[in-house]
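Visitor: Quick one: this structure, given as structure tokens, is what I'll be asking you about.
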């Protein structure tokens, strides 16, 4: 007889074949209103990996929340084997306020591993790592670009990790960027605890984009299919092409303040010298063309109609591998 692993979250055990929603409540609003974070667990009767799909670490990154919501409503989170944990909104405080940060002004993704007796954000980080992550083998954490900057659908992994590269191949987002773990980040702490994490970036804050949502959901399907966790009727759509790996990139910054109109879209390949945007003043006195400094793929574009000198307006790849 197969010995099933024990899965316990916030003192609640989830048995094989069980579906359970566990609520995490660390603190209340200043109005004394309870603020509960649902942790949705679906466990198969057949043993297998435990996979976490999380979003809303930054409360204004709505597109990731929509991706995880679709996994639930379309029952993609009901595994053929193993266990799937979904946390659509980690930073419920930020989500309520449509804000990136916690009410204490801290970025939750910079305070891990947190502290039991620290700031509000630090306490959330602590309980997330203590209560949930010890159960998890793999994680896909969904994010979006901030400050009106729209990210092409992409997976981010640390360089030199062949297992993560193979999982990025499986997920098969349009782009995969090599990026180092940031101190204090959720990804960094998960890595130290032995959890294999893919970080998904796509879209921009306070926005839901259909194409980004589609890429995220289809990537999850391919990811689950790889572990034989996906039910056959949920078969994913084949990706148009293998993911393109980017190991070097640079930001293009505005040389002038003014009205901003970009001509290049995220995901587009541009050639050196190509006009990719135009910055003008409101009074018709000047018009500055922005040209690509090198050939490469646009992996992020600023959607703001107004920019200031020095603002990041494009993120462009310099080399691919």
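Numbering (our numbering), first residue to last: 15 to 335. The beta-carbon is built from N, C-alpha and C at its ideal position, and this holds for glycine as well. Please read all numbers here as calculations on a predicted model, not as lab measurements.
1) Which runs of the beta strand (DSSP E), 3 residues or longer, sit entirely within the region 105-185?
2) Run through the DSSP bridge pairs and tell me what residue 18 is partnered with.
3) Is it right to say residue 215 is buried, meaning 16 or more other beta carbons lie within 10 angstroms of its own, or is it exposed?
4) In three-state terms, what does DSSP make of residue 26?
5) Checking the sheet assignment: what are the DSSP bridge partners for residue 259?
6) Ordered along the chain, which non-local residues of its own chain (more than five positions away) have a Cβ less than 8 angstroms from that of residue 20?
7) Determine the DSSP secondary structure at residue 205, reduced to helix, strand or coil.
8) Determine the direct distance from the alpha carbon of residue 99 to that of residue 61, and round the result to whole angstroms.
9) Sort 237, 145, 258, 262 by Cα distance to residue 251 and report the nearest one.
10) Ignoring anything shorter than 3 residues, give me the beta strand (DSSP E) runs that lie fully in the region 220-294, in order along the chain.
11) Could you check if residue 85 is buried or exposed, using at least 16 other CB atoms within 10 Å of its CB as the buried criterion?
12) Which residue or residues does DSSP assign as beta-bridge partners of residue 69?
13) Once you ignore the five residues that flank residue 199 on each side, which residues in its own chain have a CB closer than 8 angstroms to its CB?
14) At what residues does the alpha helix (DSSP H) containing residue 79 begin and finish?
15) What are the boundary residues of the beta strand (DSSP E) that residue 90 is part of?
16) To the nearest whole angstrom, what separates the beta carbons of residue 65 and residue 152, a pair I think is in contact under 8 angstroms?
17) Under 7 angstroms Cβ to Cβ from residue 170, same chain only, skipping five residues before and after it: list those, please.
18) Determine the direct distance from the alpha carbon of residue 147 to that of residue 39, and round the result to whole angstroms.
19) Give every residue of the same chain whose Cβ lies closer than 7 angstroms to the Cβ of residue 319, excluding the five residues on either side of it in the sequence, and list them in chain order.
20) For residue 300, which three-state DSSP category applies?
21) Would you mind working out which of 288, 230, 108 sits nearest residue 309, comparing C-alpha positions?
22) Mark residue 300 as exposed unless 16 or more other C-beta atoms lie within 10 angstroms of its C-beta, in which case mark it buried.
23) The beta strand (DSSP E) spanning residue 314 covers which residue range?
24) Beta strand (DSSP E) containing residue 334: first to last residue?
Guide: Considering the structure as presented:
1) Restricted to the region 105-185, the beta strand (DSSP E) segments that are unbroken, complete and at least 3 residues in length are 152-159, 163-171, listed in chain order.
2) Indexing the chain shown from 1 puts residue 18 at position 4. Looking at the DSSP assignment, residue 18 forms no beta bridge with any residue, so it has no partner.
3) In the chain shown, residue 215 corresponds to position 201, counting from 1. A residue is called buried when at least 16 other Cβ atoms come within 10 angstroms of its Cβ; residue 215 meets this threshold and is buried.
4) Position 12 of the chain shown, counted from the first residue, corresponds to residue 26. Three-state DSSP puts residue 26 in a strand.
5) Here residue 259 is taken as the residue at index 245 of the chain shown, counted from 1. Bridge partners of residue 259 according to DSSP: 190.
6) In the chain shown, the residue the question calls residue 20 occupies position 6. Beyond the five residues adjoining it in sequence on each side, residue 20 comes within less than 8 angstroms, by CB distance, of 27 in the same chain, given in chain order.
7) Along the chain shown, read from residue 1 onward, the residue named residue 205 stands at position 191. In the three-state reduction of the DSSP assignment, residue 205 falls in the helix class, which pools H, G and I.
8) Residue mapping note: residue 61 aligns to position 47 of the chain shown, counting from 1. Residue mapping note: residue 99 aligns to position 85 of the chain shown, counting from 1. Each residue's Cα considered, the two are about 14 angstroms apart.
9) The count along the chain shown starts at 1 and reaches residue 251 at position 237. For the residues 237, 145, 258, 262, the minimum Cα distance to residue 251 belongs to 237.
10) Fully enclosed beta strand (DSSP E) runs of 3 or longer: 258-267, 272-276, 289-294.
11) Here residue 85 is taken as the residue at index 71 of the chain shown, counted from 1. By the 16-neighbour rule on beta-carbons within 10 angstroms, residue 85 is buried.
12) Counting from 1 along the chain shown, the entry for residue 69 is found at position 55. Residue pairing by DSSP places residue 69 opposite 156 in a beta bridge.
13) For the purposes of this step, residue 199 is taken as residue 185 along the chain shown, with counting starting at 1. Excluding residues within five positions, the ones whose Cβ falls inside 8 angstroms are 123, 124, 126.
14) What you label residue 79 is simply residue 65 of the chain shown in a count that begins at 1. For residue 79, the enclosing alpha helix (DSSP H) has its first and last residue at 76-87.
15) Translated into positions along the chain shown, residue 90 becomes position 76. Per DSSP, residue 90 belongs to no beta strand (DSSP E) and is neither H nor E.
16) Within the chain shown, residue 65 is the residue found at index 51, counting from 1. Within the chain shown, residue 152 is the residue found at index 138, counting from 1. Indeed, because the Cβ distance is near 5 angstroms, the residues count as touching under 8 angstroms.
17) Your numbering for residue 170 matches position 156 in the chain shown. Excluding sequence positions up to five before and after residue 170, its CB lies within less than 7 angstroms of the CB of 191, 193, 213, 215, all in the same chain and listed in chain order.
18) Counting from one through the chain shown, the residue named residue 39 turns up at place 25. Counting from one through the chain shown, the residue named residue 147 turns up at place 133. Each residue's alpha carbon lies about 17 angstroms from the other.
19) As a working mapping, residue 319 is identified with position 305 in the chain shown. Excluding sequence neighbours, residue 319 sits near 273, 274.
20) Here the question's residue 300 lines up with position 286 in the chain shown. The answer is coil: DSSP assigns residue 300 none of H, G, I, E or B.
21) Within the chain shown, numbered from 1, the residue matching residue 309 stands at position 295. Of 288, 230, 108, the residue nearest in Cα terms is 288.
22) Along the chain shown, one-based indexing puts residue 300 at 286. It is exposed - the Cβ of residue 300 has fewer than 16 other Cβ atoms within 10 Å.
23) On the chain shown, position 300 is the one that residue 314 refers to. That run of the beta strand (DSSP E) goes 310-316.
24) Your numbering for residue 334 matches position 320 in the chain shown. Element bounds for residue 334: 326-334.
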